[in-house]
Amino acid sequence: MFKFYILLLMLLSSILFARESEAVQRLTVFFTNDLHGGIVPQKAEFLNPEFPPLLGGGASAAGIIRQVRREAENSGAITLLIDGGDTFQGTLVGTLSKGEAVVEYMNRMQYDATVPGNHDFDLGKDNLIERIKQSQFPWIAANIYDKETGKVWKWVKPWVIVEKQGLRIGITGTATTGTATMSFPDNIKGLEFRHEIPALQQSVNELRTEGVDLVVALVHIGLPYDTREGYEELQQQTRESVMGDHYINAMEVAHFVKGIDILLGGHLHRGYQQAWEDPVNHTICLQNYANGGNLGWVDFNIDPATKSIAGYDYAADENALLLLQQDQFWPDSTISEFVKSQQALYEADFRGVIGETRASLNRSSTGEAPLNDLLCDVLCARTGSDFSFMNFGGIRADIKSGPVTREDIFKVLPFGNEVVSFQAKGSFIKLILEQKLSGSSRGMAIGGVRVVFNRALPEGQRVVSVEIGGELLEPEKIYRIATTDYLMEGNSGLYMLRRIPREKVDFHGILLRDALIEHFQQHSPISVKTDGRWKRDDDAQATEEWKGKFEF
19 MFKFYILLLM LLSSILFARE SEAVQRLTVF FTNDLHGGIV PQKAEFLNPE
69 FPPLLGGGAS AAGIIRQVRR EAENSGAITL LIDGGDTFQG TLVGTLSKGE
119 AVVEYMNRMQ YDATVPGNHD FDLGKDNLIE RIKQSQFPWI AANIYDKETG
169 KVWKWVKPWV IVEKQGLRIG ITGTATTGTA TMSFPDNIKG LEFRHEIPAL
219 QQSVNELRTE GVDLVVALVH IGLPYDTREG YEELQQQTRE SVMGDHYINA
269 MEVAHFVKGI DILLGGHLHR GYQQAWEDPV NHTICLQNYA NGGNLGWVDF
319 NIDPATKSIA GYDYAADENA LLLLQQDQFW PDSTISEFVK SQQALYEADF
369 RGVIGETRAS LNRSSTGEAP LNDLLCDVLC ARTGSDFSFM NFGGIRADIK
419 SGPVTREDIF KVLPFGNEVV SFQAKGSFIK LILEQKLSGS SRGMAIGGVR
469 VVFNRALPEG QRVVSVEIGG ELLEPEKIYR IATTDYLMEG NSGLYMLRRI
519 PREKVDFHGI LLRDALIEHF QQHSPISVKT DGRWKRDDDA QATEEWKGKF
569 EF
């Protein structure tokens with residue numbers, strides 16, 4: 019209850035402050051990003067794996083927002099509710115309703131704006147258009163262009179202006195340019211994702227010409243994980259005048275785009291409990307965690323004379339992100355009933371037990387893990403392949419020990435990717451492995467092979483050994499390779515897969531999610547132990563035999 023009392027005290031102090039002082043105007047900004055359909059209650063297993071407290075999701079967020087709005091109406095304060103993209107794809111309610119339930123929630127909550135995230139295209143461009151039509155708030159993207167007309171895509175706006183209590187707020191935003199390489203081509207057909215920085219600068223300039231008091235930018239790109247290191251890199255870029263076509267982060271936007279007051283990032287699922295402020299432009303950057311477990315809340319003090327930001331305060335305990343524990347932030351009853359109705363529609367068929375596991379199946383985004391191995395073993399078994407691979411980002415959740423339901427499997431694989439296989443030479447397998455070890459890439463999940471790599475070696479030579487079936491990989495031998503249709507499109511940096519003619523790719527007519535369900539049904543109880551198939555050894559060197567095979 020401690021946070022609940024803090025919230026009440028904050029509300030009271032905010033009201034009294036607004037009533038007793040005319041020196042500043044209060045602007046409360048609530049923010050979400052990467053909801054991924056997370057409007058439903060969820061267990062906070064990261065707090066207590068055995069007895070996780072319940073997070074209230076959209077209903078708990080609604081309880082806070084609606085209370086603050088009621089008090090704001092009485093005090094003359096202003097509220098703004100914004101979102102940073104990836105709104106609906108990822109939960110049963112979000113995905114099976116094709117986003118309709120999530121957009122309806124956002125309508126009921128009276129969001130002021132959102133931006134299209136890359137996953138908002140997962141169910142196709144036409145589906146996103148339907149969700150935009152449904153929305154009672156604008157979708158902002160200054161950098162999504164129609165290739166045919168050469169203009170901003172007609173279903174989004176480069177910017178909007180909202181006026182509240184005499185304060186004119188301009189809202190602009192951009193999708194990530196990475197959408198072009200993270201989506202199925204058909205899902206973004208006819209669209210061009212232009213560089214974020216010039217697109218935003220143009221919008222900011224136009225908004226300033228329109229006489230707005232504040233500019234808020236919604237960008238579906240993230241702040242660096244370490245802001246200190248990130249800023250040091252940014253300073254080096256500035257000294258070298260480097261601003262090319264590399265992946266842009268939100269810190270670079272805040273630094274290189276002039277005239278943004280508040281910036282909301284996203285995409286990386288990394289929340290910041292306190293704002294990061296650019297030392298030069300003084301752009302205040304915010305970013306929430308993913309899946310609706312937290313509500314972002316910052317109160318800005320607006321100087322009524324200059325209509326500029328004079329300071330800001332956090333929601334509680336010097337923290338901009340409220341963890342929505344249901345027993346501390348009581349759910350709004352009307353939103354709670356709506357969410358329950360959507361769960362009844364879309365979750366019932368997924369609650370049945372389909373198997374069990376003797377130990378927790380954890381995933382890893384840096385190396386080998388039981389769940390990574392299991393998925394790739396299922397790919398090999400399903401297709402009769404010698405080698406299989408998956409991107410780490412496609413594995414979205416762990417599986418706890420004990421009974422396993424269809425919903426558990428959906429959480430692991432929410433994107434509905436299909437099992438495919440093809441034939442290629444051993445040299446092509448090495449090319450795939452080297453690509454996923456190039457630069458700062460961390461590798462991938464693999465099956466059917468044992469790989470030893472050395473990150474200290476030059477790019478293209480880091481894989482020092484590959485064994486398939488106990489034998490050294492042969493560059494000219496033909497192997498069968500299994501993966502997902504998503505990766506076959508060249509996504510996750512695997513551009514070389516586009517070389518495989520579509521008629522040479524076997525589509526096995528089953529989603530990887532369903533193949534995993536069948537595996538549990540047929541082989542439970544499941545027990546998986548890692549076997550050292552993915553090994554880093556920075557002292558390892560390729561043998562002369564290996565060098566001869568692959569022409570070092």
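Okay, so the sequence shown: first residue is 19 according to this note's numbering, each after it adds one. We treat Cβ as the ideally placed atom computed from N, Cα and C, and that holds for glycine. Fair warning: this is a prediction, and the values are worked out from it, not measured in the lab.
Residue range of the alpha helix (DSSP H) that residue 503 falls in? 503 to 506
Residue 406, buried or exposed, once every other Cβ within 10 Å from all chains shown has been counted against 16: buried
So for residue 564, helix, strand or coil by DSSP? helix
Return the chain-ordered list of same chain residues with a C-beta closer than 6 angstroms to the C-beta of residue 329, the five sequence neighbours on each side being excluded. For residue 329, same chain residues with a beta-carbon under 6 angstroms away, outside a window of 5 residues either side, are 319 in chain order.
Through-space distance from residue 453 to residue 506, alpha-carbon basis: 14 angstroms
Beta-carbon contacts of residue 119 that lie in its chain and below 6 angstroms, excluding the five residues immediately before and after: 111, 360
By a C-beta neighbour count over all protein chains shown, 10 Å radius and 16 as the cutoff for buried, is residue 297 buried or exposed? exposed
Rounded straight-line distance, which links the Cα of residue 420 to that of residue 397: 23 angstroms
Are three or more beta carbon pairs between the region 161 to 179 and the region 102 to 111 nearer than 8 angstroms? No, they do not touch.
Please name the residue, chosen from 375, 215, 184, 324, that lies closest to residue 270 on a Cα-to-Cα basis. 215
What residue range does the beta strand (DSSP E) around residue 395 cover? Element bounds for residue 395: not the beta strand (DSSP E) but the alpha helix (DSSP H), 388 to 401.
Supposed close pair residue 388, residue 548 - CB separation, criterion 8 angstroms: About 6 angstroms separates the beta carbons of residue 388 and residue 548, which is inside the 8 angstroms limit, making them a contact pair.
Nearest to residue 107 by alpha carbon, out of 375, 431, 488, 476? 431
Beta-ladder partner(s) of residue 374, from DSSP: 421
Can you list, in chain order, the stretches of the beta strand (DSSP E) that have 3 or more residues and sit fully within the region 482 to 527? Fully enclosed beta strand (DSSP E) runs of 3 or longer: 496 to 502.
Could you tell me the distance, in whole angstroms, from the CA atom of residue 449 to the CA atom of residue 455? 10 angstroms
Distance CB(residue 444)-CB(residue 492) smaller than 8 angstroms: yes
For residue 321 versus residue 331, is the C-beta distance shorter than 8 angstroms? no
Residue environment, residue 102, which counts as buried when at least 16 other CB atoms sit within 10 Å: buried
Counting pairs of beta carbons, one from the region 467 to 474 and one from the region 520 to 536, are three or more of them closer than 8 angstroms? no
Check whether the Cβ of residue 144 sits closer than 7 angstroms to any heavy atom of the ligand ATP, and report yes or no. No copy of the ligand ATP appears in this structure; indeed no ligand is present at all.
Less than 8 angstroms separating the beta-carbons of residue 384 and residue 236? no
In chain order, what residues of the same chain lie with their CB nearer than 6 angstroms to the CB of residue 202, ignoring the 5 residues before and after it? 507
If residue 185 sits next to residue 45, beta carbons under 8 angstroms apart, how far is it from one beta carbon to the other, in whole angstroms? 7 angstroms
Whose C-alpha, out of 126, 146, 128, 86, is nearest the C-alpha of residue 115? 146
Tell me whether residue 490 is buried or exposed, calling it buried when 16 or more other Cβ atoms sit within 10 Å of its Cβ. exposed
In the DSSP output, which residue or residues are listed as bridge partners for residue 468? 485
Is there contact here, the region 62 to 77 with the region 336 to 344, by at least three beta-carbon pairs under 8 angstroms? Yes, since at least three Cβ pairs between the region 62 to 77 and the region 336 to 344 fall closer than 8 angstroms, the two stretches touch.
Using the Cβ count rule (16 or more neighbours within 10 Å means buried), how would you classify residue 67? exposed
Restricting to runs no shorter than 4 residues, where is the alpha helix (DSSP H) found entirely within the region 167 to 223? Fully enclosed alpha helix (DSSP H) runs of 4 or longer: 197 to 200.
Excluding the five sequence neighbours on either side, which residues of its own chain have a C-beta within less than 6 angstroms of the C-beta of residue 544, listed in chain order? 375
Pick out whichever of 138, 148, 232 has its Cα sitting closest to the Cα of residue 178. 232
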